[in-house]
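Take the position in the sequence shown, starting the count at 1, then add 107; the result is the number in my numbering. Note that CB positions come from ideal geometry on N, CA and C, so glycine has one too. Small disclaimer: the values here were computed from a predicted structure and weren't measured.
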Amino acid sequence: MMKQLVVLRKQAAEIRRALAEQIRSIRKIRRTQRKRLRRQRRVAGKTVRRHLRQLMKDLRRQYRNKPREFYQQFKSQSRKVFNIRKCQKFHKLCKKIVRRFNHKARRVQSKLERIIQLRKHISTVANKKVSKAVKSSLYHFEKHYKSMDKNHAMIKNAFVQTKCK
Numbered sequence: 108m109m110k111q112l113v114v115l116r117k118q119a120a121e122i123r124r125a126l127a128e129q130i131r132s133i134r135k136i137r138r139t140q141r142k143r144l145r146r147q148r149r150v151a152g153k154t155v156r157r158h159l160r161q162l163m164k165d166l167r168r169q170y171r172n173k174p175r176e177f178y179q180q181f182k183s184q185s186r187k188v189f190n191i192r193k194c195q196k197f198h199k200l201c202k203k204i205v206r207r208f209n210h211k212a213r214r215v216q217s218k219l220e221r222i223i224q225l226r227k228h229i230s231t232v233a234n235k236k237v238s239k240a241v242k243s244s245l246y247h248f249e250k251h252y253k254s255m256d257k258n259h260a261m262i263k264n265a266f267v268q269t270k271c272k
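Here it is, written out as structure tokens:
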């Protein structure tokens with residue numbers, strides 16, 4: 108009985124050792140898999156972000172003067188990102204990135220609209236200032252012109268008088 112117990116303990120220790128070895132090797136494999144997956148996720152995220160940044164740049168240039176359709180266009184065209192192979196593997200990640208970029212696109216649209224309003228405001232103010240300046244300069248010019256006209260008439264008369272004599 109005692110001998111059997113010793114044998115069983117030895118067998119249990121061997122089994123435990125073998126299991127520990129297996130667990131170690133599994134952990135090693137899992138660690139490398141996690142690293143690889145993390146790297147793939149990072150690459151996929153970079154690719155998607157680069158694609159969306161380029162899209163936003165192009166659309167911003169295109170819709171600079173008519174930003175009303177900018178957001179809708181960006182939303183519809185950003186959906187094409189999901190056709191990228193990396194995006195199909197990490198769909199959730201891509202969805203998150205696209206959602207963030209959509210929020211950014213909305214901000215960009217409002218920024219473009221504000222810029223247009225500011226441009227209009229500046230031009231109206233400048234036009235008002237220019238028109239005021241033009242009016243005042245015309246007024247002064249007319250004033251001076253009238254006095255110059257008088258002088259011219261006086262000089263003409265003087266010449267006429269000297270010629271007559």
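| Item | Value |
| --- | --- |
| Hey, is the segment 149 to 161 in contact with the segment 191 to 211, meaning 3+ C-beta pairs nearer than 8 Å? | yes |
| For Ser-238, I'd like the list of residues in its chain whose CB is within less than 7 Å of its CB, leaving aside the five on either flank, ordered along the chain. | none |
| If you run the structure through DSSP and keep just helix, strand and coil, what is Asn-98? | Summary: the structure shown does not reach residue 98, with the chain confined to residues 108 through 272, and so no result is reported for it. |
| Using the three-state DSSP reduction, which class does Met-86 fall into: helix, strand or coil? | Missing from the structure shown is residue 86; the chain here goes from 108 to 272 and no further. |
| Along the chain, which unbroken stretches of the alpha helix (DSSP H) at least 4 residues long are found entirely within the segment 157 to 224? | 177 to 185 and 192 to 196 |
| Starting from the C-beta of Arg-123, find all residues in its chain whose C-beta is less than 8 Å away, skip the five residues before and the five after it, and write them out in chain order. | none |
| Work out the CA separation of Asn-234 and Val-150 for me, nearest whole Å. | 52 Å |
| Under the rule that 16 or more other beta-carbon atoms within 10 Å means buried, what is Leu-166, buried or exposed? | buried |
| How big is the Cα-Cα spacing for Ile-133 and Ala-125? | 12 Å |
| Tell me the DSSP secondary structure of Met-109 in three-state form. | helix |
| Give a yes or no on contact between the segment 170 to 189 and the segment 215 to 226, applying the rule of three or more CB pairs nearer than 8 Å. | yes |
| Going by Cα to Cα distance, which pick from Tyr-246, Lys-203 and Gln-216 is closest to Lys-173? | Gln-216 |
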